[in-house]
Amino acid sequence: MSVIFYQWLAGLSMCNGWGRVQDHTSQSCLLTLLRFIHKYIIRAAIRWVMFVLTGKSELERIVSRPLFLFTPLASFLLSILYLKALSREPKYPAEITLGVERLIEDGQLPELCDDWTEDEEPDLADRVLKDNMCYCDKRSAKMGETLRKALAQIRGYRELCALVEARRLEKYDAENAHHEKRLLKLWDILMPDEKLINRVTKQWQKIGFQGDDPATDFRGMGVLSLDQLIFFAQYDVANAREVLSLCTNPEHELPMATAGITFTSMARNLLHKGIFKIHFYNTVAGAPSMDSFHRIYSFNISGHIFKLFYKFWVHREPTSIMEFSFIKNDFEEKLIESLTVESANLHKVDVNELFS
């Protein structure tokens, strides 16, 4: 307890002279204090009570739910303490992975402080369980399998962030034959009945680019945005054609390519903020991949960003394209709300929920 006290004391001493601070600094210190109390006192107390009642470490409880049973007395005490919810069977797969991830972030699993590879996961999971289990029994194998799945999801999400960023940082190069071939592929998919007169032409505006040369539009998101536009056009043809029709719609004009690049930026930002974690942990059995990321952006399913926004845009009945930024921000806020609940699954989002 003395160590905890001195940590708390050190935190207070950072608050500019024991309270002689401006209001915003005082609020910051208060939040720091509350976080400290929650992490080192309240949660520590809960862990101790749960250990006494179950004889299991927190990691065991996370990866074994609902494999372990309480004694009648323990169940009675848990219901009194309102802690039984902590031991219930998880309704959604993400609960287990998020629980393991929280232990890693709190430094309670030092074996997982550094990044790991896919090949290391089996041995790593076994070692972590061995170090954190109070005793081994026949359920250990099932717990190890659950932990390996959680580690794969955590690693996969981290690797996906790196892959997405690498594609974003790869600039579109008009001198790169592969880049040019993919750009022309996008045109051929969306405009199969019309041939390009020249490489640089106003025809590109028909599919929603801003100028005569699409290369200039890719500056911010690099080839990542081109990848996603092609994915949308190739694997969700019907919806892509429907969105494309808005490029020349005088009532609800929506330039497809420009909007698509904006949605790539949105998806990339939400990915790095961790907003997609619950969705991926609920819907992807192992490590999420680049294909998983593209499916968030667009795919022939009921819920993805481009299709949801298309319906959201039409529902809002904008008077001009000048309303795009405002409507996009409103859409993003509602999307985040739907992705930060324990049941988050973008593929099952009802667009009508976003209208409210």
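Read in order, the letters of the sequence shown are residues 1 to 356 in full-length UniProt numbering. Beta carbons are placed, not taken as given, at the ideal position from N, Cα and C, and that holds for glycine.
Worksheet item: Secondary structure at M221, three-state DSSP: helix, strand or coil?
Response: Numbered from 1 along the sequence shown, position 221 holds the residue referred to as residue 221. Looking at M221 - three-state DSSP - the assignment turns out to be coil, as it is neither helix nor strand.
Worksheet item: the ligand MN heavy atoms versus the CB of S320: any closer than 6 Å?
Response: Of ligands this structure carries none, so the ligand MN is not represented either.
Worksheet item: Taking P192 as the reference, which of E180, I207 and H178 has the closest Cα?
Response: As a first step, residue 192 is located in the sequence shown; it is residue number 192 there, counting from the start. When each option's Cα is compared against that of P192, the closest is I207.
Worksheet item: Short check: CB of L224 to CB of I275, under 7 Å?
Response: Taking the first residue of the sequence shown as 1, we reach residue 224 at position 224. Taking the first residue of the sequence shown as 1, we reach residue 275 at position 275. No, the Cβ-Cβ distance between L224 and I275 is not below 7 Å.
Practice prompt. Give the DSSP-derived three-state secondary structure of V341 in the structure shown.
Written response: What you label residue 341 is simply residue 341 of the sequence shown in a count that begins at 1. The answer is coil: DSSP assigns V341 none of H, G, I, E or B.
Worksheet item: Which residues in the same chain as D212 place their Cβ atom closer than 7 Å to its Cβ, once the five residues preceding and following it in sequence are excluded?
Response: Counted from its first residue, the sequence shown places residue 212 at position 212. Around D212: V200, T201, K202 and W204.
Fill in: C-beta atoms of S292 and F232 nearer than 7 Å
In the sequence shown, counting from the first residue as 1, residue 292 sits at position 292. In the sequence shown, counting from the first residue as 1, residue 232 sits at position 232. No, they are not a contact pair.
Practice prompt. Have a look at T319 and S356 and give me their C-alpha separation to the nearest angstrom.
Written response: Translated into the one-based positions of the sequence shown, residue 319 becomes position 319. Translated into the one-based positions of the sequence shown, residue 356 becomes position 356. Using only the alpha carbons, I get a separation of about 20 Å.
Discussion item. Spatial neighbours of L190 within its chain, please: C-beta separation below 7 Å, excluding the five flanking residues on both sides.
Written reply: Counted from its first residue, the sequence shown places residue 190 at position 190. Within the same chain, L190 has close Cβ partners I207, A233, A240 and L244.
Worksheet entry | DSSP-derived helix/strand/coil call for H294 | Indexing the sequence shown from 1 puts residue 294 at position 294. DSSP places H294 in helix when its eight states are reduced to three.
Worksheet item: For Y310, does the three-state DSSP call read helix, strand or coil?
Response: What you label residue 310 is simply residue 310 of the sequence shown in a count that begins at 1. If DSSP states are grouped into helix, strand and coil, Y310 belongs with the helices.
Practice prompt. Compare the C-beta of A141 against all C-beta atoms of chain D and say whether one is closer than 7 Å.
Written response: Absence of chain D from the displayed structure is noted, only one protein chain being present.
Item to complete: Could you tell me the distance, in whole angstroms, from the CA atom of N352 to the CA atom of L346?
Response: As a first step, residue 352 must be located in the sequence shown, where it is residue number 352. As a first step, residue 346 must be located in the sequence shown, where it is residue number 346. C-alpha separation (whole angstroms): 13 Å.
Item to complete: Could you tell me the distance, in whole angstroms, from the CA atom of K181 to the CA atom of K142?
Response: Residue mapping note: residue 181 aligns to position 181 of the sequence shown, counting from 1. Residue mapping note: residue 142 aligns to position 142 of the sequence shown, counting from 1. Roughly 48 Å separates the two Cα atoms.
Worksheet item: By a C-beta neighbour count over all protein chains shown, 10 Å radius and 16 as the cutoff for buried, is I278 buried or exposed?
Response: Sequence index remark: in the sequence shown, residue 278 carries index 278 (1-based). I278 should be labelled buried.
Item to complete: Would you identify the three-state DSSP class for H304, choosing helix, strand or coil?
Response: Counting from 1 along the sequence shown, the entry for residue 304 is found at position 304. Here H304 sits in coil by DSSP.
Discussion item. In the DSSP assignment, the alpha helix (DSSP H) including S265 goes from what residue to what residue?
Written reply: Along the sequence shown, one-based indexing puts residue 265 at 265. Segment M256 to H272, the alpha helix (DSSP H) holding S265.
Discussion item. For a quick check, are the C-beta atoms of W116 and L124 less than 7 Å apart?
Written reply: For the purposes of this step, residue 116 is identified with residue 116 of the sequence shown, where counting begins at 1. For the purposes of this step, residue 124 is identified with residue 124 of the sequence shown, where counting begins at 1. Result yes, Cβ atoms of W116 and L124 sit closer than 7 Å.
Worksheet entry | Short Cβ contact (7 Å threshold) for T258 with M221 | Here residue 258 corresponds to residue number 258 of the sequence shown, with the count starting at 1. Here residue 221 corresponds to residue number 221 of the sequence shown, with the count starting at 1. It is not a contact, given that the beta carbons lie outside the stated cut-off.
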